[in-house]
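First the structure, in the form of structure tokens, and then the observations on it.
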Amino acid sequence: MTRDEYIQLCHELWQHNKRYYIDCSPTISDYEFDVLMQRLIEVEKQHPHWIEKFSPTQRVGESLTDGFQSATHKVPMLSLPNTYSDEEIVDFIKRVEKNLDGKKPEYCLELKMDGTAITVVYEKGVFAYAATRGNGLMGDNVSQNIKTINELPLKLDTNNPPDILEVRGEVFLELKQFEKLNQNRDEDGLPVWANPRNAAAGSLKLLNPKEAASRRLRVVFYAMAQGPFEKILTQYEVHEYLKSLGLPVLTEIALCKEEVQIWSFRDRIHKLREKLAFEIDGVVIKVNNLKSQEQIGATSKIPRWATAYKFAPEQGMTKINDIIVNVGRTGAITPVAILEPVSVAGSTIARVTLHNQDEIERKDICIGDTVIIEKGGDVIPKVVSVVLKERPSYAKAWKMPTQCPSCKKDVVKLEGEVAFRCLNEQCPEKTYRHLTFFVSKEAMDIDHLGVKVMKQLIEKGYIQKPSDIYNLTKEKLLALDGFKSKSASKLLESIEKSKDVSLSRFIMALDIRYVGKTTADDLAFHVNDIWDLSKKSVDQLVAIEGIGEKVAVAIFEYFKDEGNLSEITAMLELGLNVQKSQKTLDHMFGGKVFVLTGSLNKFTRDEAASLIKERGGKVSSSVGKKTDFLLAGESPGSKYDKAQKLNIEIFTEEKFIESL
Ligand code: IVH
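When you line the sequence shown up against this note's numbering, it's residues 6 to 665, in that order.
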């Protein structure tokens, strides 16, 4: 490499750094970034006199963001050295032993969470502030956004809190939630997030905490920067202590002494990766004893007592046979690549979303191209890059169709959006998607109305809008292919059953822009019935906890539309029984405060929280005098002991289900 090429590489890496940390929208994969960075480090080793002050090796980290107060870290926030190679782990072990005068230490093995680092300070057991890493010495104070995370206690679960506790951890998004956010972004014509980590980092930097709340971030902690070190001797004990305070901690922690145990932990976690609800990008190996950590020491950026082994993403090479488009519920037209099926990370991938025209142009993707597909632990495969030297002469650039593939009406690109849209309200594909959503599990939950049946019902003109579903008769159903008396009765029964619906589900089923499950729960809790909601002004809506300006405007606009109002009236006249008052006020959960602990079998915590809220209850993160009930799943945490001490009624999962 020449010196000019070295400078060029520095610039290139800075560009990537900026796209990653500031725009939260990288254009290369982490793996590619790491490879470039590794190359830079190698060159600098060979030519130390070349090293420029502005080289990314001299300062790796994110910048501060306008709009946030900065927070100085009392203890610097270090990063971790990382490697994809077994040899370097062996070298790490040797170096550690040398630094410990030849003694073999115990290691604490952990998941490497693929999120964004956070530090949270508690003063006398009460949340004081939270900050991002920033440049390691100073970060952004993101307290308002962090406080929207349900599992983060605002008060520690102890009667004997330290004066100051500073904990370090990772803010992340579950994969399902990430997928949902990206789907919404596609539909909203916004650029999608490259991965859950960027989405989490971007969400932490939102200036509107209500918007941040709707992202449903999560957090776990894995280190203590300030705290009662006099009584905590190992990294393992740090985890135990944080857990005892009611803080969310890592799962899958293991202790080991022998190198072979490190490999078996690594292999086990690699297999487990696909099953996790969130992304990890490797494992972290830490010397367990805190005194030994001190003895080994750290540089100004990284510890010498810990390292990360990263899993290389699994990639596959294949051909794009075609690019088709999907029409979404809101009319967003999304290009999808049809691939020569390829097996990556244990699953066969035959299609992959390309999101929008801009993304296709940015990656320079043509029909006929050979592309690299990547799938991390992540369930969503993506095109990383085109193998240009494999581009055939017949490769064809793709252009967004000018007409909707479903209704043939012109598609348009609205100002400020990257998506193209079909604006035709009668578009059959939009109608189909809208109706499918209406009957889905999360909305009206109508069984026996699958794809085939729905398509036929629309084709025959029996249903065009949701209320038509409640006008279906046995005669109409018997006119469909494959329908017999028994299947018709089953479907009619499901439709009948769906008429008893909670206000929250009903609001959700209306498919108002930006109103997902959480928002529907919040709205249902604060209004008496659907007409009450329909009369609220934007200001009144914004005053409801959890509702931001954009959502409020969308709700207001929805109820201004005469068509929407008459559709609601029609459904109510056809016998829909939207329950808010009986269920919530009469239910034993009405007005009661629940705290959740341990893992449930039948529900996620979010689902359990929704069920409680639907019945007029509230959910809080820590056990206190105001707690009425504790819902305790398997392996409950310290909240369980505390609840027992305070004589709080404890619900097992079975008892909870019965009470519903
Ligand atoms: S410890 C002094 N433990 O990885 C060491 N970090 O690449 C500080 N990370 O900045 C970090 N899982 O954001 C630690 N189990 C874990 C981790 C972890 C994820 C993140 C963290 C750190 C980055 C370094």
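Backbone N, C-alpha and C fix where the C-beta goes; we use that ideal spot for every residue, glycine too.
**Prompt:** Around the C-beta of residue 317, are 16 or more other C-beta atoms found within 10 angstroms, so that it is buried, or is it exposed?
**Reply:** By one-based count along the sequence shown, residue 317 stands at place 312. That one is exposed.
**Neighbourhood of residue 262 by C-beta distance below 7 Å, restricted to the same chain and skipping five residues each side** = Counting from 1 along the sequence shown, the entry for residue 262 is found at position 257. Excluding residues within five positions, the ones whose Cβ falls inside 7 Å are 109 and 111.
**Asked** With 16 other CB atoms within 10 Å as the buried threshold, where does residue 13 fall?
**Response** Looking up residue 13 in the sequence shown gives position 8. Under the 10 Å beta carbon count, residue 13 is surrounded by fewer than 16 other beta carbons and is classified as exposed.
**Prompt:** What residues in its chain sit with their C-beta under 6 Å from that of residue 653, if we drop five residues either side in the sequence?
**Reply:** Taking the sequence shown and counting its residues from 1, one reaches residue 653 at position 648. The residues 632 and 635, in chain order, have a CB closer than 6 Å to that of residue 653 in the same chain once the five nearest residues on each side in sequence are set aside.
**Message:** Mapping the DSSP letters down to three states, classify residue 319 as helix, strand or coil.
**Reply:** As a position in the sequence shown, residue 319 is number 314, starting the count at 1. Residue state for residue 319 is assigned as strand, using DSSP reduced to three classes.
**Request:** Spell out the partners DSSP gives residue 143 in its beta bridges.
**Result:** Taking the sequence shown and counting its residues from 1, the one referred to as residue 143 is at position 138. According to DSSP, which records beta bridges pairwise, residue 143 is partnered with 77.
**Message:** Within a Cβ cutoff of 8 Å, which residues of the same chain sit near residue 282, ignoring the five residues on either side of it in sequence?
**Reply:** Counting from one through the sequence shown, the residue named residue 282 turns up at place 277. Hits under 8 Å: 179, 180 and 181.
**Supposed close pair residue 313, residue 117 - CB separation, criterion 8 Å** = Taking the first residue of the sequence shown as position 1, residue 313 is located at position 308. Taking the first residue of the sequence shown as position 1, residue 117 is located at position 112. So it is a contact: roughly 5 Å between Cβ atoms.
**Item:** Beta-carbon proximity of residue 376 to residue 390, cut-off 8 Å
**Value:** Position 371 of the sequence shown, counted from the first residue, corresponds to residue 376. Position 385 of the sequence shown, counted from the first residue, corresponds to residue 390. Yes, these two residues count as a Cβ contact at 8 Å.
**Request:** Pull up the distance between the alpha-carbon of residue 4 and that of residue 434, whole angstroms please.
**Result:** Absent from the model: residue 4. The displayed extent of the chain is 6 to 665, so no value can be given.
**Asked** Can you find a heavy atom of the ligand IVH that lies under 7 Å from the Cβ of residue 115?
**Response** Indexing the sequence shown from 1 puts residue 115 at position 110. Under cutoff, so the answer is yes.
**Prompt:** Expressed to the nearest angstrom, what Euclidean distance is found between the alpha-carbon atoms of residue 39 and residue 48?
**Reply:** Working through the sequence shown from its first residue, we reach residue 39 at position 34. Working through the sequence shown from its first residue, we reach residue 48 at position 43. In this model, residue 39 and residue 48 are separated by some 14 Å (Cα to Cα).
**Residues of its chain near residue 20, where Cβ-Cβ distance is below 8 Å and the 5 sequence neighbours each way are ignored** = One-based indexing of the sequence shown puts residue 20 at position 15. For residue 20, same chain residues with a beta-carbon under 8 Å away, outside a window of 5 residues either side, do not exist.
**Prompt:** Would residue 586 be called buried (16 or more neighbouring beta carbons within 10 Å of its own) or exposed?
**Reply:** In the sequence shown, residue 586 corresponds to position 581, counting from 1. Confidence at residue 586 is low in this model, with a pLDDT of 49, below 50, so the placement of that residue should be treated as unreliable; the coordinate-derived value is given next. By the neighbour-count rule (16 or more Cβ atoms within 10 Å), residue 586 is not buried but exposed.
**Asked** Is the Cβ of residue 294 closer than 8 Å to any Cβ of chain C?
**Response** The displayed structure is made up of one protein chain only, and chain C is not part of it.
**Message:** Taking the straight line between their C-alpha atoms, what separation do you get for residue 554 and residue 51?
**Reply:** By 1-based counting over the sequence shown, the position of residue 554 is 549. By 1-based counting over the sequence shown, the position of residue 51 is 46. Distance between the alpha carbons of residue 554 and residue 51 is about 55 Å.
**Prompt:** When you compare only the Cα positions, how much space is there between residue 570 and residue 474?
**Reply:** Walking along the sequence shown from the start, residue 570 turns up at place 565. Walking along the sequence shown from the start, residue 474 turns up at place 469. When rounded, the distance between both Cα atoms is 17 Å.
**Request:** Determine the extent of the alpha helix (DSSP H) in which residue 286 is found, giving its start and end residues.
**Result:** The sequence position of residue 286 within the sequence shown is 281, counting from 1. Counting along the chain, residue 286 sits inside no alpha helix (DSSP H); it lies in the beta strand (DSSP E) bounded by residues 285 to 292.
**Request:** Please state whether DSSP places residue 594 in a helix, a strand or coil.
**Result:** Within the sequence shown, numbered from 1, the residue matching residue 594 stands at position 589. Coil at residue 594, not helix or strand.
**Request:** Have a look at residue 223 and residue 160 and give me their C-alpha separation to the nearest angstrom.
**Result:** Residue numbering aside, residue 223 sits at position 218 when the sequence shown is read from its first letter. Residue numbering aside, residue 160 sits at position 155 when the sequence shown is read from its first letter. Going by the C-alpha atoms only, they are around 17 Å apart.
**Request:** Kindly list the residues whose CB is nearer than 8 Å to the CB of residue 211, restricted to its own chain and excluding five residues on each side of it in sequence; keep chain order.
**Result:** Sequence index remark: in the sequence shown, residue 211 carries index 206 (1-based). Contacts found: 150, 217 and 220.
**Message:** Check whether the stretch 436 to 445 and the stretch 508 to 516 are in contact - that is, three or more C-beta pairs closer than 8 Å.
**Reply:** As far as the Cβ criterion goes, the stretch 436 to 445 touches the stretch 508 to 516, which means the pair count is three or higher.
**Request:** Going by CA-CA distance only, name the one from 323, 427, 563 and 248 that's closest to residue 602.
**Result:** Taking the first residue of the sequence shown as 1, we reach residue 602 at position 597. Comparing Cα-Cα distances from residue 602 to each of 323, 427, 563 and 248, the minimum goes to 248.
**Asked** In the DSSP assignment, what residue or residues form a beta bridge with residue 308?
**Response** Residue numbering aside, residue 308 sits at position 303 when the sequence shown is read from its first letter. In DSSP, residue 308 forms a bridge with 303.
**Asked** Between residue 293 and the rest of its own chain, which residues show a CB-CB distance below 7 Å, the 5 nearest in sequence each way excluded?
**Response** Residue mapping note: residue 293 aligns to position 288 of the sequence shown, counting from 1. Excluding sequence neighbours, residue 293 sits near 110, 111, 112, 113, 239, 240, 241 and 260.
**Message:** If we require 3 or more residues per run, which beta strand (DSSP E) segments fall completely within the stretch 346 to 382?
**Reply:** At a cut-off of 3 residues, the continuous stretches assigned as beta strand (DSSP E) that sit fully inside the stretch 346 to 382 are 352 to 358 and 375 to 380.
**Asked** From what residue to what residue does the beta strand (DSSP E) around residue 230 run?
**Response** The count along the sequence shown starts at 1 and reaches residue 230 at position 225. Looking at the DSSP string, the run of the beta strand (DSSP E) that includes residue 230 is 223 to 231.
**Prompt:** So, is residue 16 buried or exposed, given that buried needs 16 or more other C-beta atoms within 10 angstroms?
**Reply:** Start at 1 with the first residue of the sequence shown, and residue 16 comes out as number 11. So residue 16 ends up on the exposed side.
**Message:** Per the DSSP calculation, residue 114 is bridged to which residue(s)?
**Reply:** Reading the sequence shown from its first residue, position 109 is the one you call residue 114. Answer is 259 and 290, bridged to residue 114.
**Prompt:** If you follow the alpha helix (DSSP H) that residue 135 is part of, which residue opens it and which one closes it?
**Reply:** As a working note, residue 135 is residue 130 in the sequence shown. Counting along the chain, no alpha helix (DSSP H) covers residue 135; the unbroken beta strand (DSSP E) around it starts and ends at 131 to 137.
**Prompt:** If we count the other Cβ atoms within 10 Å of its Cβ and call it buried at 16 or more, is residue 394 buried or exposed?
**Reply:** Here the question's residue 394 lines up with position 389 in the sequence shown. By the neighbour-count rule (16 or more Cβ atoms within 10 Å), residue 394 is not buried but exposed.
**Prompt:** Measuring CB to CB, does residue 628 end up less than 8 Å from residue 600?
**Reply:** The residue given as residue 628 occupies position 623 in the sequence shown. The residue given as residue 600 occupies position 595 in the sequence shown. For residue 628 and residue 600, yes; Cβs fall inside 8 Å.
**Prompt:** When the Cα of residue 186 is compared with those of 176, 175, 122 and 199, which residue comes out closest?
**Reply:** The sequence position of residue 186 within the sequence shown is 181, counting from 1. For residue 186, the closest alpha carbon among the candidates 176, 175, 122 and 199 is that of 199.
**Item:** Among 153, 77, 661 and 335, nearest to residue 518 - alpha-carbon criterion
**Value:** Residue mapping note: residue 518 aligns to position 513 of the sequence shown, counting from 1. Selected option, being the one with the closest Cα: 335.
**Item:** Neighbourhood of residue 97 by C-beta distance below 6 Å, restricted to the same chain and skipping five residues each side
**Value:** Counting from 1 along the sequence shown, the entry for residue 97 is found at position 92. These residues qualify, in order along the chain: 312.
**Prompt:** Does the stretch 298 to 312 come close enough to the stretch 270 to 288 to have 3 or more Cβ pairs within less than 8 Å?
**Reply:** Verdict: no, contact absent.
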